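Undergrad:
2 protein chains.
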Amino acid sequence: MGIMLVDDPAHDGETKRGPGGPRTQVKEGGGSDTCEVTYTDPEAVAQVRKKLIDSDLAHELAGLFQVMADATRLRIVSLLAERELCVCDIAAALEMTQSAVSHQLRVLRMMQLVKFRRQGRMAYYSLDDDHVLKLYTQGLDHLGHTSGGATGPEKER
Amino acid sequence: MGIMLVDDPAHDGETKRGPGGPRTQVKEGGGSDTCEVTYTDPEAVAQVRKKLIDSDLAHELAGLFQVMADATRLRIVSLLAERELCVCDIAAALEMTQSAVSHQLRVLRMMQLVKFRRQGRMAYYSLDDDHVLKLYTQGLDHLGHTSGGATGPEKER
DNA sequence: TTAATATATGAACGTTCGTTCAAGTATTCA
DNA sequence: TGAATACTTGAACGAACGTTCATATATTAA
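And the structure:
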């Protein structure tokens, strides 16, 4: 992750502001080049900082979306949305190796998107709750609303 | 991406099934080791295959979640949920460099999660639509429902 | 017991990702 | 015009990811 900047919410002592105009330039710190922070609108910064999501929570949430951010795992979710399946059949439906599928199921399991039960030597997987499906369909919804061509993101340059 | 397995939906000719029992072993292909597919329950596989999300769509959806799968970008979203902001103030609120923020805004922009308007030399960013926020809050919802300790995913071994 | 099956997992390999650094554009001010 | 500002972008570097391969565990069948 490299040298992450500090995420101190109780940091407002530094928020010196200009004479009164809304367009003020303020350099933070004495002049250390580790973090070049230039306030353009100190009031706006102060306002949104209160609503800024906690850094730890942001990382946790990012982890959840990360789990959803893989085509293989999404395809697994689309299968499990239909019915409970054993690893073997998921691999068959996806035409992938059991190993690859098992690795991905582990990821889904660790973020509690799927659960499983053992029966003999097989493991039957299913979706853990409907939050997963909500996220899934909400995501599809977004694609439907934004995509003109849908194949790729906006090509701009 | 390495040697990806074929994702041919019209592939059911291969679905030979056993005498009648639900527990049948079927090897696909003559014996090529490129794709070891062992059907345990051919009916289940055939059933869920119909509902299997298209591979291209899965990749597209994965791309959307990918964009949401970063703490910095989520923190930006949490700021823009409050109000429109220029790059400079986002950087200030996050205590990150403008460069890093600009790179991430580009990612959000390309997936059409944020839009921006130019005013003089500044660029004011805002959320593109409320789908983004829905995904965001839905994600937080999921965390609230699953996390006992919430800090990390299920520790299992 | 041995062999086969169903799944899990560690290491490795190539790819992707997010940040930093060093430019580069475009606008404003003197 | 030249300097400063606001933002963008390409290259590079280390970290993280997804698959493959080989192996390990556990259950069932012979």
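Residue numbers (numbering that gives the first Met the number 0), protein chains in the order written: chain A, 0 to 156; chain B, 0 to 156.
Glycine included, every Cβ here is placed at the ideal spot set by N, Cα and C.
Keep in mind that this is a model prediction, so the values were computed, not measured.
(1) Relative to chain A, which residues along the stretch 111-128 of chain B have a C-beta separation below 9 Å, given in chain order?
(2) Does the stretch 122-138 of chain B come into contact with the stretch 60-79 of chain B, if we say contact requires no fewer than three beta-carbon pairs (one atom in each stretch) closer than 8 Å?
(3) Nearest by alpha-carbon distance to Thr39/A: which of Ala70/B, Ile89/B, Pro41/B and Ser54/B is it?
(4) Using a C-beta cutoff of 9 Å, does Gly138/B count as contacting chain A?
(5) Relative to the C-alpha of Thr136/A, which candidate in Leu142/B, Pro41/B, Gln46/B and Ala61/B has its C-alpha closest?
(6) Run the CB neighbour count on Arg48/B, radius 10 Å, all protein chains shown included, and call it buried at 16 or more, exposed below.
(7) Under 8 Å Cβ-Cβ, which residues of chain B neighbour Val44/A?
(8) Assuming Arg120/B is part of the beta strand (DSSP E), what are its boundary residues?
(9) Quick check: the Cα distance between Arg116/B and Pro41/A, rounded to an integer number of angstroms?
(10) Just to confirm my understanding: we take Leu93/B, look at its own chain, exclude 5 residues before and 5 after, and list those with CB closer than 8 Å. What are they?
(11) Counting only C-beta atoms, is Val58/A closer than 9 Å to chain B at any point?
(12) How far does the alpha helix (DSSP H) with Leu93/A in it extend, from its first residue to its last?
(13) Considering only residues of the same chain and omitting the five flanking positions on each side of Val86/A, which have a CB-CB separation below 8 Å?
(14) If Ala68/B sits next to Ala57/A, beta carbons under 8 Å apart, how far is it from one beta carbon to the other, in whole angstroms?
(15) Does any CB atom of chain B fall closer than 9 Å to the CB of Gln65/A?
(16) Which two residues bound the contiguous alpha helix (DSSP H) that contains Arg82/A?
TA: In terms of the structure at hand:
(1) Gln111, Leu112, Met121, Asp127 and Asp128
(2) yes
(3) Translated into the one-based positions of the first sequence, residue 39/A becomes position 40. Nearest of Ala70/B, Ile89/B, Pro41/B and Ser54/B to Thr39/A, Cα basis: Ile89/B.
(4) Looking up residue 138/B in the second sequence gives position 139. For Gly138/B, the answer is yes, since a Cβ of chain A falls inside 9 Å of its Cβ.
(5) As a working note, residue 136/A is residue 137 in the first sequence. Here the closest residue by C-alpha is Ala61/B.
(6) Translated into positions along the second sequence, residue 48/B becomes position 49. It is buried - the Cβ of Arg48/B has at least 16 other Cβ atoms within 10 Å.
(7) Here residue 44/A refers to the residue found at position 45 when the first sequence is read from its first residue. Those within 8 Å of Val44/A in chain B are Asp88, Ala91 and Ala92.
(8) Against the second sequence, residue 120/B aligns to sequence position 121. Under the DSSP assignment, Arg120/B falls outside any beta strand (DSSP E); it carries neither an H nor an E label.
(9) What you label residue 116/B is simply residue 117 of the second sequence in a count that begins at 1. What you label residue 41/A is simply residue 42 of the first sequence in a count that begins at 1. Taking the straight line joining both Cα atoms gives about 20 Å.
(10) Within the second sequence, residue 93/B is the residue found at index 94, counting from 1. So the list reads Thr71, Arg74, Ile75, Leu78 and Val100, once near-sequence residues are dropped.
(11) The count along the first sequence starts at 1 and reaches residue 58/A at position 59. Rather than Val, the amino acid found at residue 58/A in this sequence is His. Using a CB distance cut-off of 9 Å, His58/A counts as an interface residue toward chain B.
(12) As a working note, residue 93/A is residue 94 in the first sequence. Val86 to Leu93 is the extent of the alpha helix (DSSP H) around Leu93/A.
(13) Start at 1 with the first residue of the first sequence, and residue 86/A comes out as number 87. Cβ neighbours of Val86/A beyond the five flanking positions: Gln97, Val100, Ser101, Leu104, Met121, Ala122 and Tyr124.
(14) The count along the second sequence starts at 1 and reaches residue 68/B at position 69. The count along the first sequence starts at 1 and reaches residue 57/A at position 58. Not quite, the Cβ-Cβ distance comes to about 11 Å (not below 8 Å), so this is no contact.
(15) Taking the first sequence and counting its residues from 1, the one referred to as residue 65/A is at position 66. With 9 Å as the cut-off, Gln65/A counts as an interface residue toward chain B.
(16) Reading the first sequence from its first residue, position 83 is the one you call residue 82/A. That residue, Arg82/A, is in no alpha helix (DSSP H); it is neither H nor E in DSSP.
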